[in-house]
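Residue numbers (numbering that gives the first Met the number 0), protein chains in the order written: chain P, 0 to 384; chain Z, 0 to 343. In this text, a Cβ means the ideal position worked out from N, Cα and C, and glycines have one as well.
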Amino acid sequence: MQAQYIGASAIILEVLWRFWPVWVALAIVMGSSFIYKKKLALYGQLFDSGVGIAGVFICLFWLFTAIFASTISPFDPLGQIPIMKDTLPGAIEPQSGLAYLFGGDKLARDVFSRMVYGSQIVLIIAPAATGFALMVGITLGLPAGYYGGKIDSILSFLANLVLAFPVILLFYLLVTPGIMDTPIPYALAGVFFLFPIIFFCVLFWTRYKNRPDRIYILLGLTLLIGGWIYLGLVFDKDPLKIVHIDPNQLNIFVAVVFASSPGVFRIVRGLTMDIKTRDYVAAAQTRGESPWYIMLWEILPNARGPLIVDACLRIGYTTILLGTLGYFGLGLAPESPDWGTAIKDASRLLRSFIHPALPPTIALMSFVLGLNLLADSLREQSMKD
Amino acid sequence: MFTFIIRRIGTILLTMLCLTLVVFFLVNLEPNLKKLAISQTEMHTSAEQLESWLVDHGYRQNFFARYGQWLGVLPKQPVTDPATGKPAQRFSFCNDPTTPTFSGVLEGDFGCSTKFKTTVAAKLFPALGATGILMLCVLGVMVPVSLLIGILAGMREGSRTDRVLSVASIASTATPEYVSGVIFTVIFASWLGWLNGSAASASQGITFYNFTLPVITLAIYGIGYIARMTRASMVEVMTQQYIRTARLKGLSFGNVVVKHALRNALIAPFTVIMLQFPWLLTGVVIVEVMFRYQGFGYTLVEAAGNNDIDLLLGCSLVSVFIVLITQLISDVGYAFLNPRIRVQ
């Protein structure tokens with residue numbers, strides 16, 4: 000049976016219509032930020048330049064796409080409808096009467112729905128992994144830069160060791176199916192996921208140690224929430240069964256954190272070495288503040304500008320890394336709708352069909368572009384002050 | 000300066016030692032050895048046969064003893080042939096010694112590739128040569144283009160040219176190789192038919208037809224980054240006093256840029272280009288797999304996919320060496336080009 004097709008303009012209209020929750024959410028957020036931009040400090044200043052607006056727009060677009068993925072996508076990203084195999088964009092699926100807007104791939108799945116669902120995987124893993132890498136990098140980079148000496152030499156040597164690894168080799172070694180049978184990913188996860196808990200405990204302890212009314216609440220909350228998530232992520236033993244992560248996703252997560260935390264470490268170390276020579280640090284030292292208080296409450300807040308910019312760029316870089324992993328078929332399940340896997344599947348068949356390749360490539364590129372534009376305009380704004 | 004270089008080379012050697020130990024540990028994990036045994040024996044072998052294959056080929060010796068043998072500080076032991084009880088070669092296809100000899104990396108023996116059934120040296124060095132050609136072409140495209148873009152953008156900060164070129168270079172840094180490769184293949188190979196979407200034939204002879212796509216795919220990701228660094232450096236130089244002086248004494252704008260600004264602005268990009276090598280290494284793997292070009296990256300993927308221990312160790316040694324040596328060159332070169340910097 001020959002499939003029915005809808006025309007090119009109908010496809011465009013239908014795609015735009017499909018994204019309606021995103022447009023509504025975008026209009027609300029962008030509109031309100033634009034009105035209140037004077038009160039929104041650095042975020043508000045982004046709306047002063049075209050580059051900044053474009054960056055915020057693209058990032059929010061993918062954020063809302065990930066949130067509303069189930070509303071936007073007309074089909075199940077893993078569902079196969081045999082009649083739609085390799086159909087061109089706009090083919091109508093006879094049973095539901097809905098169109099495969101960007102066509103079907105070689106396993107007869109809807110390319111459009113897969114692209115939309117792919118954003119969920121990227122937008123969960125990339126920012127979360129960057130967050131953990133930041134925690135690890137900051138917790139190790141601050142003492143390395145502040146104390147210098149032996150701690151610095153040892154930590155820097157380790158960081159350079161990891162950085163000297165070509166990323167691809169590291170992933171081939173760390174993200175293989177075999178390694179899941181060994182305790183290595185769990186051990187690494189156990190170490191990395193401790194860092195946020197340590198970080199927040201030290202953060203609150205140094206500030207409020209003389210105020211018992213606050214310190215016990217804050218420390219208790221940190222340990223409770225941190226320990227709960229820790230149990231769920233590392234041991235998969237969350238008593239409430241809410242926090243859960245697939246073993247292979249945990250593996251990817253750990254590998255990405257491992258690969259990107261040395262970069263954060265180097266930046267934080269450099270910033271700390273620069274900032275510790277300032278007068279306000281000397282003043283704090285004279286006041287008799289503890290070293291960790293100075294690091295976390297004097298140096299870190301003053302290093303936030305470059306760190307925010309770096310975090311933006313790093314999320315983009317992590318997205319590229321996730322794509323690389325998908326492209327080499329490492330870690331993620333073969334039917335997973337993430338963009339890298341989709342690009343891999345489609346690029347093998349470029350000679351016969353090109354339409355399944357374009358949506359995931361353009362999606363990935365636009366998201367990274369959005370983050371880079373955001374970083375660029377943040378850098379420009381923070382340099383103005 | 001001399002002691003600095005000696006110290007750095009010491010660090011490099013130490014790093015290489017640590018890294019190969021880590022790689023050695025990871026490739027010798029139990030699941031990976033199983034994978035190797037399965038791929039090397041016939042289909043449907045029992046667990047005992049797999050185990051005996053591993054024992055026969057010496058994979059059950061002590062971990063550090065084997066690392067020492069690979070490194071060349073311990074003599075390589077021949078295996079005992081179970082049928083005759085005499086010492087035999089471990090792998091017949093690469094002339095392993097039948098008597099205990101020191102034959103490791105330090106002696107120049109990189110071991111034996113189980114996947115390609117030959118010595119690692121015979122596989123790795125031709126592949127490196129092929130990748131070297133690719134790298135040369137990429138650098139030949141990437142460096143002039145990115146420097147030109149950076150200089151044009153940084154010459155007049157804030158002008159229309161600057162904005163357009165800056166956004167273009169941001170866009171190029173947002174395009175990883177597997178994305179640009181797909182897009183270029185679609186445009187130039189599928190639609191226009193100008194270029195070949197596969198570089199498999201490039202090992203016989205490199206032509207414009209089969210080699211352009213890999214080269215531009217690899218170059219495009221680096222171009223944006225180097226161009227942005229060049230722009231930043233150029234912008235900084237253009238605000239210096241000596242540029243104003245040169246302008247005020249009546250030199251034309253072009254003259255000022257070429258004679259006064261350019262040489263000072265190109266110091267920083269030199270470092271960046273050198274530090275770009277580790278990135279290029281990852282890119283090479285992607286591009287070679289995508290365009291089926293038989294080079295270093297392709298070898299690395301094959302080695303990793305089949306857990307080919309010696310080949311993988313050889314690959315990591317080479318790539319780590321490239322990364323560290325380029326860092327050293329960039330540091331030394333920077334001090335050399337910029338006399339204001341003194342290396343301690």
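Asked, Found
"Which residues of chain P have a Cβ atom closer than 8 Å to the Cβ of residue 122 of chain Z, listed in chain order?", "The premise fails here: residue 122 of chain Z is roughly 17 Å from chain P at the closest Cβ pair, so nothing lies under 8 Å."
"Counting only Cβ-Cβ distances shorter than 8 Å, please list the residues of the stretch 205–238 of chain Z near chain P, keeping chain order.", "none"
"Going by DSSP in three states, residue 356 of chain P sits in which element: helix, strand or coil?", "coil"
"Taking only three categories from DSSP, how would you classify residue 216 of chain P?", "helix"
"Quick check: the Cα distance between residue 158 of chain Z and residue 353 of chain P, rounded to an integer number of angstroms?", "38 Å"
"Whole angstroms is fine: what's the gap from residue 348 of chain P's alpha carbon to residue 181 of chain Z's?", "11 Å"
"Output yes or no for whether 9 Å exceeds the beta carbon distance between residue 154 of chain P and residue 313 of chain P.", "no"
"Chain A beta carbons: is any one of them nearer than 9 Å to that of residue 350 of chain P?", "No chain A is present in this structure, whose protein chains are P and Z."
"Would you identify the three-state DSSP class for residue 95 of chain P, choosing helix, strand or coil?", "coil"
"Can you tell me whether DSSP reads residue 152 of chain P as helix, strand or coil?", "helix"
"When you compare only the Cα positions, how much space is there between residue 148 of chain P and residue 142 of chain P?", "10 Å"
"Does the distance from the CB of residue 251 of chain P to the CB of residue 174 of chain P come in under 9 Å?", "yes"
"Taking the alpha carbon of residue 222 of chain Z as the point to measure from, which residue in Z:243, Z:165, Z:250 and Z:253 has its own alpha carbon closest?", "Z:165"
"What residue does the alpha helix (DSSP H) around residue 275 of chain Z start on, and which one ends it?", "Careful: residue 275 of chain Z lies outside any alpha helix (DSSP H) and carries neither H nor E."
"Within 10 Å of its beta-carbon, does residue 29 of chain Z have 16 or more other beta-carbons around it, so buried, or fewer, so exposed?", "exposed"
"Just curious, the alpha helix (DSSP H) that residue 249 of chain Z is in, first and last residue?", "Counting along the chain, residue 249 of chain Z falls outside any alpha helix (DSSP H), and DSSP gives it neither H nor E."
"Count the other C-beta atoms from every protein chain shown that fall within 10 angstroms of the C-beta of residue 135 of chain Z, then say buried if there are 16 or more, exposed otherwise.", "exposed"
"Any contact between the stretch 167–186 of chain Z and the stretch 205–219 of chain Z? By contact I mean 3 or more CB pairs, one from each, below 8 Å.", "yes"
"If you follow the alpha helix (DSSP H) that residue 227 of chain Z is in, where does it begin and where does it stop?", "207–237"
"Pull up the DSSP beta-bridge partners for residue 103 of chain P, would you.", "P:109"
"In this structure, does DSSP put residue 84 of chain P in helix, strand or coil?", "coil"
"Could you check if residue 35 of chain P is buried or exposed, using at least 16 other CB atoms within 10 Å of its CB as the buried criterion?", "exposed"
"Counting only Cβ pairs nearer than 7 Å, list the residues of chain Z close to residue 15 of chain P.", "Chain Z residues near residue 15 of chain P: none, gap ~23 Å exceeds 7 Å."
"Check whether the Cβ of residue 176 of chain P lies closer than 9 Å to any Cβ atom in chain Z.", "yes"
"Using 9 Å as the limit for Cβ to Cβ distance, is residue 249 of chain P near chain Z?", "no"
"Does residue 304 of chain Z have its Cβ less than 9 Å from a Cβ in chain P?", "yes"
"So, is the C-beta of residue 180 of chain P closer than 9 Å to a C-beta in chain Z?", "yes"
"Spatial neighbours of residue 285 of chain Z within its chain, please: C-beta separation below 8 Å, excluding the five flanking residues on both sides.", "175, 176, 177, 180 and 296"
"Hey, is residue 105 of chain Z close to the ligand MN, as in C-beta under 8 Å from one of its heavy atoms?", "Looking at this structure, you won't find the ligand MN or any other ligand, since it has none at all."
"Measure how close the beta-carbons of residue 208 of chain Z and residue 191 of chain Z come, nearest whole angstrom, since I'm counting them as under 8 Å.", "Contact doesn't hold; Cβ gap of about 12 Å is too wide."
"Less than 9 Å between the beta carbons of residue 103 of chain Z and residue 69 of chain Z, yes or no?", "yes"
"Would you tell me roughly how many angstroms separate the C-alpha atoms of residue 276 of chain P and residue 0 of chain Z, rounded to the nearest one?", "27 Å"
"Write down the C-beta distance between residue 271 of chain P and residue 140 of chain P rounded to the nearest angstrom, noting that I regard them as a contact closer than 8 Å.", "6 Å"
"Can you have a look at residue 368 of chain P and say buried or exposed, based on whether 16 or more other CB atoms are within 10 angstroms of its CB?", "buried"
"Taking three-plus beta-carbon pairs below 8 Å as touching, is the stretch 143–159 of chain Z in contact with the stretch 251–268 of chain Z?", "yes"
"Using the beta-carbon of each residue, which ones in chain Z are nearer than 7 Å to residue 375 of chain P?", "169"
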